[in-house]
Amino acid sequence: MEKAEVPQLHPNPSSRSSPGAQDPPLSRTKSTTGTAIGRIASHLSTRSISNPGPPPDGGLRAWTQVVCAWLAILNTWGFVNSFGAFQTYYDSILPEPSSTISWIGSTQACLLFLVGIFSGRALDAGLFRPTVMIGIAIQLLGIFALSGAKNYWQILLTQGICTGIGGGIFFVPMMGLVSTYFAKNRGMAIGIVTTGNSAGGIVYPVVVRQLLDQIGFGWTVRVLGFINIICLAVAFAFMKPRLPPRKSGPLVDMDVFKDVPYMLHILGMCFIMPPVYFVFYYIASFARDELGMPYTTSLNLVIIVNGVGLPARILPGYVADRYIGVLNTFIICVFINIIIFYSWLGVNSIPSYYAFAVLYGIFGASFQSLFPTTIAVLSNDITKTGTRLGMAFLTISFSALAGGPLSGALLQAAGGKYYAPIVWAGTTTAVGLCLVVSARCCKHGWRFKVRC
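The numbering of the sequence shown is full-length UniProt numbering, which starts it at 1 and goes up by one.
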């Protein structure tokens, strides 16, 4: 059970009420008990509103926020991570080329990031609940409209644009809210939340694989909509902001442009994120095109790469919190990810491809789960976490938009051979890693032993 902090009465002379000053409202209503009791009650009330104290770093309420944010991530980024199942299906029914179809998933991912700058600020400004409610409504509208879509542009509008905007409105405030409840255990808490990413990447493809042939595309999507309604209603009911509003703050924190480590880190993420979507969108297509897998079997790769990410999103947060720090853990995971990308060039059998899917699922999920925490670590003011996280998502949204279509264009230019986008993915990630390492060194120096 969390212990309430007992405030000191008048810790300095300036805090005392001067003789003749107007008594607090509570003192007037309880004047018969004396002014002392009134001042105590007023002090406690004011403190609870303006200064809630340090993050509880645990307890029922804090972990409830983690569970609720997990449900939100399951139905936003889990939807994005499962786009490989939709991409493979759309390739078989739409006349548009694969690179054009990938704009659907890329647009959805881009808007999830892009809208974050506005919705992240809403958390800081005390508009959490109305913002989340609007976002959930827009996402549900997009999903149920998708169930009746018949052509490419209708799918792009509903799945790409509508669900992207709706998810972007509510997922950033929910993610930022968790950060305000934790300090020492923040990495683990965020890691647990981001396992919803992998869980959604399992749930959505499994539902599509099991129901698509039985009840058709329309009702399959409606089932996904009903899952969204249940999960998001629970999340909305139990999430509770902890910090007071910061209404006077700007939409954009201009101080970040003077923060060299923060800017280098975000620039590095602009290189690291596009290849992530290449894997999620094309892992099933590679299995079908290069290894001859049928459609239903190829979806197993989407499920595996997301499934192994469940524990992989928790363990790095624990290691970061307890041993080497968030930035160090993040750098190690990205470095291993580069090696895995280049190893993809040697995949020529189904067993080796399953091994690749497992390894990428582990280390790809690891650095993704740590990214939101790295923003909190690089931010010196916890009250600006929502704004800075939203600005980070805005910056990398455009690189996320380019990931799927660019890899599809490289695939088409190489005559359907996957070596070109694979080399591009590994090299681009390596460039991003160099920038992230530079950010880490600007903030904490070159010594690896420094925990950061």
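We treat Cβ as the ideally placed atom computed from N, Cα and C, and that holds for glycine.
By the neighbour-count criterion, in which a residue is buried when 16 or more other Cβ atoms sit within 10 angstroms of its Cβ, Arg209 is buried. Distances from the CA of Tyr262 to each of Ala439, Thr428, Arg186, Val66 were compared; the closest alpha carbon is that of Ala439. Taking 8 Å as the cut-off, the Cβ atoms of Val115 and Ile169 count as close. Taking all protein chains shown into account, Gln214 has fewer than 16 neighbouring C-beta atoms within 10 Å of its C-beta and is therefore exposed. Around the C-beta of Tyr181, 16 or more other C-beta atoms lie within 10 Å, and the residue is accordingly described as buried. Sequence-distant Cβ neighbours of Ile138 in its own chain, meaning closer than 7 Å and more than five residues away, are Cys162, Ile165, Gly166, Ile169. Within the same chain, and ignoring the five residues on either side of Trp70 in sequence, the residues whose Cβ sits closer than 6 Å to its Cβ are Val193, Gly196. In the three-state scheme derived from DSSP, where H, G and I count as helix and E and B as strand, Val302 is classed as helix. Of Met273, Leu394, Pro274, Asn300, the smallest CA-CA separation from Ile283 is found for Asn300.
Ile362 places its beta carbon 8 Å or farther from that of Ala287.
Around the beta carbon of Cys270, 16 or more other beta carbons sit within 10 angstroms, so the residue counts as buried. Secondary structure of Pro316 (DSSP, three-state): helix.
In this structure, the CA atom of Ser102 is about 7 Å from the CA atom of Gly408.
Pairing Pro95 with Gln65, the inter-Cα distance amounts to about 44 Å. Counting other Cβ atoms within 10 Å of its Cβ, Arg322 stays below 16 and is therefore classed as exposed.
The residues Leu71, Leu74, Asn75, in chain order, have a CB closer than 7 Å to that of Cys231 in the same chain once the five nearest residues on each side in sequence are set aside.
8 Å or more divides the Cβ of Gly403 from the Cβ of Asn306.
When rounded, the separation of the alpha-carbon atoms in Gln108 and Glu290 is 27 Å. Between the C-alpha atoms of Ala237 and Ser343 there is a straight-line separation of about 45 Å. Leu411 is classed as buried because its beta carbon has at least 16 other beta carbons within 10 Å across all chains shown. Short of 7 Å from the beta carbon of Pro316, and not among the five residues preceding or following it, lie these beta carbons of its own chain, in chain order: Gly191, Thr329, Cys333, Ser366, Ser369, Leu370.
DSSP, read as helix, strand or coil, puts Thr297 in helix. Residues of the same chain with their beta carbon placed closer than 6 Å to that of Ser352 are lacking, with the five preceding and five following residues left out of the count. Between the alpha carbons of Ala425 and Val172 lies a distance of about 27 Å. By the 16-neighbour rule on beta-carbons within 10 angstroms, Val260 is exposed. The beta carbon of Ala400 lies closer than 6 Å to those of Ala109, Cys110, Phe113, Met273 in the same chain, with the five residues before and after it left out. Remark: C-beta atoms of Phe83 and Phe356 do not approach each other more closely than 8 Å. Taking C-alpha positions only, Gly187 is separated from Met175 by approximately 12 Å.
For the pair Ala149 and Ala183, the Cα-to-Cα distance works out to about 45 Å. Cβ atoms of Gly309 and Ser198 come within 8 Å of each other, at about 4 Å.
If you check the CB distance, Phe341 and Ile422 come in under 8 Å. DSSP places Tyr152 in the helix class (H, G or I) of the three-state scheme. In this structure, the CA atom of Arg222 is about 7 Å from the CA atom of Ile143. Secondary structure at Gly164: helix, using DSSP grouped into helix, strand and coil. Taking all protein chains in view, the Cβ of Trp219 is surrounded by fewer than 16 other Cβ atoms within 10 Å, so the residue is classified as exposed.
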